[in-house]
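Single-structure report; data block below.
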Amino acid sequence: MRPSKRHRPVRHATERVLNTLLAGGWAAGLSYRLGGHGSLGVSRYELELGPERRLPRPLKIGFASDFHAGPTTHPALFDALLERIRREAPDVLLLGGDYISFDAANIGQLRGFLREAKAPLGTYAVLGNHDVWNGSAEVAAVLAEAGIEVLVNRNVALPAPFGAVSICGIDDPWTGAPSADATFAGAGPVRIYLMHSPDGLWCLQGQRFDLGFAGHTHGGQVVRRNGEPLKRPSGPYSREYGHGRFDIAGNGPLFVSRGIGCAGIPLRVRADPELVICTLR
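For what it's worth, my numbering labels the leading residue of the sequence shown as 1, then goes sequentially.
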C-alpha cells in the first residue's frame with residue numbers, strides 16, 4: 001500500500017525552516033572541510049547479457065543519484081563528480097533523481113554540473129521524491145535546458161550501434177504516478193530500468209528488465225560501526241536493497257547507489273558518495 005501524502009505539508013514546513021537556518025551553506029561547508037561528506041569513489045560492475053542479446057561492443061554506463069543540491073551539500077562535491085565522470089568517460093550517463101533538497105530554487109547549484117555532464121550516447125534522468133515534493137516542473141526544466149533527456153514513464157532507444165538498448169525511466173514510486181506499461185511500451189530487447197528508488201520494483205507489474213539502477217537509500221548516509229543505518233529509508237525494497245548489487249528473480253541485477261549529496265543533515269558517516277560504472281557486454 002502506498003504511504004499517505006497527507007503529512008507532507010508538515011514536513012514541507014519543516015524543510016522550509018531548515019532551508020532558512022542552513023542558508024548560505026555554512027554547515028555544509030564546515031562538514032565538507034572536516035571530511036563529513038565522505039570521499040567520492042567509483043564502484044565498478046560488469047554484466048554479461050548472453051549470446052542471444054549480445055551487443056556490438058561493450059557499453060559503459062555511468063550512474064549518479066541523490067545530489068541534494070541545497071544547504072546540506074557542498075557544491076565542491078559536484079565538481080569532484082564531474083571530474084570523475086570525465087575521467088571514466090562512460091558511453092551513456094544515467095541520473096537517478098533527488099537533484100535538490102528543500103526548495104526547487106536550489107537546482108541553481110547544479111546548473112554548471114548538468115551542462116557539463118555529457119556522454120557520447122546521451123544523458124538520461126528520472127526524478128526523485130524531493131524533486132516532486134519541491135517543484136518537479138522547475139527541476140525538469142533545468143535538466144532539459146542542459147540537454148538531458150528526462151524520462152517520466154517512458155523509454156528511449158540509444159543511438160547506433162546500440163539501438164537495441166532502451167533506457168526505461170519510471171516516475172517516483174511513492175510521490176509520482178508510476179506506470180510500468182507506459183515506461184516499457186515499445187522498448188527494445190535490452191531494457192535498462194532507471195528508477196529513483198528500489199521500490200520501483202514494486203511498480204513492475206510483470207514487465208522485464210535486463211539491469212536496473214536506483215538510488216534513494218544513500219547507503220544509510222549515517223551508518224553505525226556494525227553496518228546498520230542510523231535511519232532506514234521508507235519503502236520495503238529500499239530497506240531490503242540498501243546498497244550494491246542485487247539479483248532480482250525473473251530479471252537482471254539491480255544496482256543501488258549510495259548517491260552523492262547529503263539529505264536532511266550535512267553529514268555522511270561510513271556511507272561515502274559514489275559514481276557507479278557498469279560495463280554491459
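For glycine and all other residues, C-beta sits at the position ideal for the given N, C-alpha and C. Note that the structure is predicted; figures quoted are calculated from it, not measured.
Whether residue i touches residue j by CB criterion (8 Å)
| i | j | result |
| --- | --- | --- |
| residue 197 | residue 214 | yes |
| residue 47 | residue 281 | yes |
| residue 170 | residue 126 | yes |
| residue 96 | residue 131 | no |
| residue 194 | residue 168 | yes |
| residue 188 | residue 160 | no |
| residue 284 | residue 257 | Residue 284 is absent from the structure shown; the chain starts at 1 and stops at 281. |
| residue 148 | residue 123 | yes |
| residue 140 | residue 220 | no |
| residue 254 | residue 227 | no |
| residue 199 | residue 238 | yes |
| residue 203 | residue 236 | no |
| residue 186 | residue 218 | no |
Any non-hydrogen atom of the ligand GDP closer than 7 Å to residue i Cβ
| i | result |
| --- | --- |
| residue 193 | Judged by which ligands are present, the structure shown has none, so any question about the ligand GDP falls away. |
Residue(s) in a DSSP beta bridge with residue i
| i | result |
| --- | --- |
| residue 253 | 247 |
| residue 186 | Answer is none; residue 186 lacks a bridge partner. |
Residue i versus residue j: straight-line alpha-carbon distance, rounded
| i | j | result |
| --- | --- | --- |
| residue 274 | residue 89 | 15 Å |
| residue 101 | residue 72 | 8 Å |
| residue 263 | residue 118 | 25 Å |
| residue 5 | residue 231 | The predicted position of residue 5 is uncertain, since its pLDDT is 44 and thus under 50; a value taken from the coordinates is nonetheless stated next. Approximately 20 Å between the Cα atoms of the pair. |
| residue 216 | residue 25 | 22 Å |
| residue 183 | residue 153 | 4 Å |
| residue 74 | residue 51 | 45 Å |
| residue 283 | residue 166 | Summary: the structure shown does not reach residue 283, with the chain confined to residues 1 through 281, and so no result is reported for it. |
| residue 56 | residue 279 | 13 Å |
| residue 172 | residue 105 | 20 Å |
| residue 205 | residue 245 | 22 Å |
| residue 266 | residue 222 | 10 Å |
| residue 7 | residue 121 | The pLDDT assigned to residue 7 is 43, lower than 50, so where the model puts this residue is not dependable; a value taken from the coordinates is nonetheless given after this. Using only the alpha carbons, I get a separation of about 41 Å. |
| residue 35 | residue 252 | 36 Å |
| residue 10 | residue 133 | For residue 10, the predicted structure reports a pLDDT of 49, less than 50, and the residue's modelled location is therefore unreliable. A value from the coordinates is still provided. Their Cα atoms are separated by approximately 12 Å. |
Proximity to residue i [Cα-Cα], best of the options
| i | options | result |
| --- | --- | --- |
| residue 69 | 155, 34 and 109 | 109 |
| residue 62 | 48, 86, 94 and 51 | 94 |
| residue 282 | 170, 169 and 155 | The requested residue 282 does not occur in the structure, where the chain is confined to residues 1 to 281. |
| residue 83 | 34, 41, 59 and 105 | 41 |
| residue 58 | 261, 104 and 92 | 92 |
| residue 135 | 272, 111, 98 and 145 | 98 |
| residue 112 | 121, 37 and 77 | 77 |
| residue 43 | 64, 34, 49 and 54 | 64 |
| residue 107 | 146, 200, 87 and 80 | 146 |
| residue 247 | 54, 210 and 200 | 210 |
In chain order, which alpha helix (DSSP H) runs of at least 4 residues are fully inside the region 101 to 155? Listed in chain order, they are 111 to 116 and 129 to 145.
With a floor of 3 residues, list each beta strand (DSSP E) that falls wholly inside the region 43 to 107, ordered by position along the chain. Here the runs fully enclosed are 59 to 64 and 92 to 95.
Those runs of the beta strand (DSSP E) which lie wholly inside the region 199 to 241 and span at least 3 residues: Fully enclosed beta strand (DSSP E) runs of 3 or longer: 211 to 214.
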